[in-house]
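Protein chains in written order, with my numbering: chain C, 1 to 345; chain Y, 1 to 345.
There are 2 protein chains.
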Amino acid sequence: MKRKITLKHIARELEVSISTVSKALKNSEEISRDTKEKVQAFAKLYNYKPNNVAISLKNKRTKNIGVIIPEIVHHFFTTVFRGIEQYANQKGYNVIVCVSDESFDKEVINMELLANGSVDGFIMALSAETQLKNDYNHLKEVTEQGIPLVLFDRVADEVVCDKVLINDREIARQAVNKLLDQGRKRIALVTTDNYLNVSNKRARGYFDALEDRNRAIDENLIIKLPYTYLGMDKVPIQAFFEKEAVDAAFCVNEMFAVHCMRVAQDMGLKIPEDISFIGFTDGILSQYASPTLTTVAQHGQQMGEIAAKMLIERVEQENDDDEEEVFQTKVIEATLIERDSTING
Amino acid sequence: MKRKITLKHIARELEVSISTVSKALKNSEEISRDTKEKVQAFAKLYNYKPNNVAISLKNKRTKNIGVIIPEIVHHFFTTVFRGIEQYANQKGYNVIVCVSDESFDKEVINMELLANGSVDGFIMALSAETQLKNDYNHLKEVTEQGIPLVLFDRVADEVVCDKVLINDREIARQAVNKLLDQGRKRIALVTTDNYLNVSNKRARGYFDALEDRNRAIDENLIIKLPYTYLGMDKVPIQAFFEKEAVDAAFCVNEMFAVHCMRVAQDMGLKIPEDISFIGFTDGILSQYASPTLTTVAQHGQQMGEIAAKMLIERVEQENDDDEEEVFQTKVIEATLIERDSTING
DNA sequence: CAGGCCTACGAAAACGGTTTCGTGTTAATA
DNA sequence: TATTAACACGAAACCGTTTTCGTAGGCCTG
Numbered sequence: 001m002k003r004k005i006t007l008k009h010i011a012r013e014l015e016v017s018i019s020t021v022s023k024a025l026k027n028s029e030e031i032s033r034d035t036k037e038k039v040q041a042f043a044k045l046y047n048y049k050p051n052n053v054a055i056s057l058k059n060k061r062t063k064n065i066g067v068i069i070p071e072i073v074h075h076f077f078t079t080v081f082r083g084i085e086q087y088a089n090q091k092g093y094n095v096i097v098c099v100s101d102e103s104f105d106k107e108v109i110n111m112e113l114l115a116n117g118s119v120d121g122f123i124m125a126l127s128a129e130t131q132l133k134n135d136y137n138h139l140k141e142v143t144e145q146g147i148p149l150v151l152f153d154r155v156a157d158e159v160v161c162d163k164v165l166i167n168d169r170e171i172a173r174q175a176v177n178k179l180l181d182q183g184r185k186r187i188a189l190v191t192t193d194n195y196l197n198v199s200n201k202r203a204r205g206y207f208d209a210l211e212d213r214n215r216a217i218d219e220n221l222i223i224k225l226p227y228t229y230l231g232m233d234k235v236p237i238q239a240f241f242e243k244e245a246v247d248a249a250f251c252v253n254e255m256f257a258v259h260c261m262r263v264a265q266d267m268g269l270k271i272p273e274d275i276s277f278i279g280f281t282d283g284i285l286s287q288y289a290s291p292t293l294t295t296v297a298q299h300g301q302q303m304g305e306i307a308a309k310m311l312i313e314r315v316e317q318e319n320d321d322d323e324e325e326v327f328q329t330k331v332i333e334a335t336l337i338e339r340d341s342t343i344n345g
Numbered sequence: 001m002k003r004k005i006t007l008k009h010i011a012r013e014l015e016v017s018i019s020t021v022s023k024a025l026k027n028s029e030e031i032s033r034d035t036k037e038k039v040q041a042f043a044k045l046y047n048y049k050p051n052n053v054a055i056s057l058k059n060k061r062t063k064n065i066g067v068i069i070p071e072i073v074h075h076f077f078t079t080v081f082r083g084i085e086q087y088a089n090q091k092g093y094n095v096i097v098c099v100s101d102e103s104f105d106k107e108v109i110n111m112e113l114l115a116n117g118s119v120d121g122f123i124m125a126l127s128a129e130t131q132l133k134n135d136y137n138h139l140k141e142v143t144e145q146g147i148p149l150v151l152f153d154r155v156a157d158e159v160v161c162d163k164v165l166i167n168d169r170e171i172a173r174q175a176v177n178k179l180l181d182q183g184r185k186r187i188a189l190v191t192t193d194n195y196l197n198v199s200n201k202r203a204r205g206y207f208d209a210l211e212d213r214n215r216a217i218d219e220n221l222i223i224k225l226p227y228t229y230l231g232m233d234k235v236p237i238q239a240f241f242e243k244e245a246v247d248a249a250f251c252v253n254e255m256f257a258v259h260c261m262r263v264a265q266d267m268g269l270k271i272p273e274d275i276s277f278i279g280f281t282d283g284i285l286s287q288y289a290s291p292t293l294t295t296v297a298q299h300g301q302q303m304g305e306i307a308a309k310m311l312i313e314r315v316e317q318e319n320d321d322d323e324e325e326v327f328q329t330k331v332i333e334a335t336l337i338e339r340d341s342t343i344n345g
């Protein structure tokens, strides 16, 4: 087992000082050609690589960024992560991921742990619990220490920092307008039980679209499902579809949409003729469902790239003096991908 | 902006030495009750937290583990990651994730970067390219330096380290046997284009099952699809089903299975009556497909937990002396989850 | 009253680097 | 020949901890 070699080893072996070795490896002008060659050859031979931790301590820069997300077994978050990781890596940064599991406490603990020097900045989407509690002190503490923070998708107005979003409300409005264009009369809103930030925005887009046409909002057309993947009971959905004579459904995620499509099909309804569906999140489910699902693509990867870019720029702009920082919110345009669950054209 | 406070600050402020502060915060017997109280109060007031990087340097332990996986937007890998992250976090470790993107070079670069002190050990699944190249020098270099490594799922016999696997071959055999039990005569094997390690094992399980019944292997019943999610051409699959009069298909992943099911349905075949399907990976696709897909659950999360446990145990057992290490390979039993794409009972 | 022993603390080394500054040697210049 | 500048290198500080060891002062004991 050949242990890692350090500057000290090289110095001792070559009978020069540590500083000389350090400079020689950096090709400093100060060092003679002879010495440089000798040192570099030796370093190469023994595969010397500087210790990242020591460099971090010296530079007060870890080249790590912390990503805290509510879930990882989740298509949208993984795509965002993909974007972050790709951009960060290309810029020489590593990514430490923590999953808050939608829990406020875990979010706080992870954040505090990483904030003690482990990362140069944070990218995160708030946990459901945090949004419910409306408690953002852990975020404030971090930003007050001068650690950059970028929030994406699940953001909070109360937190002052850079943000990356999609135009949830507007794209929802467009989606519902599309259904209205096709002559749909009774469009259901299939949403989550307790309003998450984003579901809320999507619901407002749904309302906007109805208002655009001066259509009254019918509370009976709104159904709330528990925010869990499996075990959704089909009975209430079927009852809902029958009772309300629903002819289209706008769903706040793809799982709800696919699930509802199945219920409709079991009822003997034809998709998209009798009933159309639009979902949110362009994951594999949407692509492989039958019929394939018309859905809103959130461009998660792009979102991740932008978040990483914003963060790294903040990290690298030496913000020594306490000039007032100006934070920005970047809005990414979502796109409606039309497939077979709606009438095309 | 209140910067992080250090021992030095506390020492200066309280007019004691740094060592005293350090000891006082650790409640050392050496320090008088008075001083301890004073220091601890001050530290609490200013929210002192030791700097992780300095501690890492001192301890030669980062409490970070590196995870290198081929893909992240992928159900199985995220579930494994979930298990790793959960176990590691509970043990006070953070997880740095790098995505190799199935590329040998990226795998090597990331690994070398992290090996220079950033992590205490690695958990990884080999990239496709690495398996094809059969080049594992980057892994050997790391293990030779005494950095623990655990491989999962996509492993290589050439690498000497701890491993976590599922019984791919055996479960595939069981799955195909189940189809045979149900009287299926022409069972297709739907696999990947260039044999990945795991696909290979699954294929061998398929062969095993046929051999169990002394059934000849019909090469015509094997179809290879490109390892990509989308844009799979339906025509060759349809032609294949028709020509070979396939009455069941064993697919090496769930995407292939769902895609093939759709083709079969479009051909007017009834599932599972006319044709049955079994897939691999129990993701949302399997759960939401129609009909729901009978599939092999790989228990990714459990795999991740075990991998993390193995790694952390290695990391924490001071392996000072160079006693011969004994590595173990842990095999997790996969389970066949029966749903509607096969005949039940 | 000298010697020994606690008590309570500080100095310093160590982890592995980077960087500033000082200095001995040589060669060029006045 | 004395001064000076360039060259090549080393000492030491620093990043923020932990930990070993040394010691000043007080008290007890013989």
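Ideal placement from N, C-alpha and C gives every residue a C-beta, glycine not left out.
Straight-line Cα distance separating residue j from residue i
i, j, result
"C/LYS277", "C/CYS251", "It is worth fixing the name first, because residue 277 of chain C is Phe in this sequence and not Lys. Rounded to whole angstroms, C/PHE277 to C/CYS251 spans 8 angstroms at the Cα level."
"Y/GLY117", "Y/ILE123", "15 angstroms"
"C/THR130", "C/PRO70", "10 angstroms"
"C/VAL315", "Y/ASN51", "18 angstroms"
"Y/GLY300", "Y/LEU293", "18 angstroms"
"C/LYS224", "C/THR79", "26 angstroms"
"C/SER56", "C/TYR48", "17 angstroms"
"Y/VAL53", "C/VAL119", "10 angstroms"
"C/ILE348", "C/ILE332", "In the structure as shown, chain C begins at 1 and stops at 345. Residue 348 of chain C is therefore absent and cannot be evaluated."
"C/GLY268", "C/MET261", "11 angstroms"
"C/LEU165", "Y/VAL67", "28 angstroms"
"Y/LEU285", "Y/GLY279", "10 angstroms"
"C/ARG169", "C/VAL155", "14 angstroms"
"Y/LEU14", "C/SER17", "37 angstroms"
"C/ALA264", "C/GLN238", "7 angstroms"
"Y/TYR206", "Y/SER199", "11 angstroms"
"C/ASP212", "C/ASP181", "12 angstroms"
"Y/CYS161", "C/PHE104", "38 angstroms"
"C/ARG12", "Y/ASN253", "56 angstroms"
"C/GLU210", "C/ALA216", "According to the sequence displayed, residue 210 of chain C carries Leu and not Glu. Computed Cα separation, rounded: 7 angstroms."
Residue range of the beta strand (DSSP E) that includes residue i
i, result
"C/MET124", "121-124"
"Y/ASP247", "No beta strand (DSSP E) contains Y/ASP247, which DSSP labels as neither H nor E."
"Y/ASP64", "The residue asked about is misnamed: residue 64 of chain Y is Asn in this sequence, not Asp. Taken as a continuous stretch (DSSP letters only), the beta strand (DSSP E) holding Y/ASN64 covers 64-69."
"Y/LYS163", "162-166"
"Y/ASN94", "94-99"
Supposed close pair residue i, residue j - CB separation, criterion 8 angstroms
i, j, result
"Y/ALA308", "Y/ILE84", "5 angstroms"
"C/GLU2", "Y/GLN298", "Per the sequence presented here, residue 2 of chain C reads as Lys, with Glu not at that position. Incorrect: roughly 37 angstroms between the Cβ atoms, too far for contact."
"C/VAL190", "C/ALA249", "5 angstroms"
"Y/LEU114", "C/ASN59", "Not a contact, Cβ separation roughly 18 angstroms."
"C/ALA188", "C/VAL246", "5 angstroms"
"Y/ARG184", "C/VAL99", "Actually they are not in contact, since the Cβ atoms of Y/ARG184 and C/VAL99 sit about 41 angstroms apart, beyond 8 angstroms."
Sheet register partners of residue i (DSSP bridge)
i, result
"Y/ILE222", "Y/LEU189"
"C/SER118", "According to DSSP, which records beta bridges pairwise, C/SER118 is partnered with nothing at all."
"C/ILE332", "C/ILE166"
"C/LEU151", "C/MET124 and C/LYS163"
"C/ILE31", "The partner list for C/ILE31 (beta bridge, DSSP) is empty, contrary to what the question assumes."
"C/ILE337", "C/THR295"
Opening and closing residue of the alpha helix (DSSP H) in which residue i lies
i, result
"C/SER286", "284-288"
"Y/PHE277", "First-last for Y/PHE277: 276-280, but that is the beta strand (DSSP E), not the alpha helix (DSSP H)."
"C/THR294", "Segment 294-297 is the beta strand (DSSP E) holding C/THR294; no alpha helix (DSSP H) there."
"Y/GLN265", "254-266"
"Y/SER56", "52-59"
"Y/ALA209", "197-212"
"C/GLN145", "No alpha helix (DSSP H) holds C/GLN145; DSSP gives it neither H nor E."
C-beta atoms of residue i and residue j nearer than 9 angstroms
i, j, result
"Y/TYR288", "C/HIS259", "yes"
"Y/ILE96", "C/ILE96", "yes"
"C/ASP208", "C/ARG173", "yes"
"Y/SER341", "Y/PRO272", "yes"
"Y/PHE347", "Y/THR281", "Because chain Y is modelled from 1 through 345, residue 347 of chain Y falls outside the range shown and cannot be assessed."
"C/LYS429", "C/GLY92", "Missing from the structure shown is residue 429 of chain C; chain C here goes from 1 to 345 and no further."
Residue i beta carbon near the ligand SAH (any heavy atom closer than 8 angstroms)
i, result
"Y/ASN177", "No copy of the ligand SAH appears in this structure; indeed no ligand is present at all."
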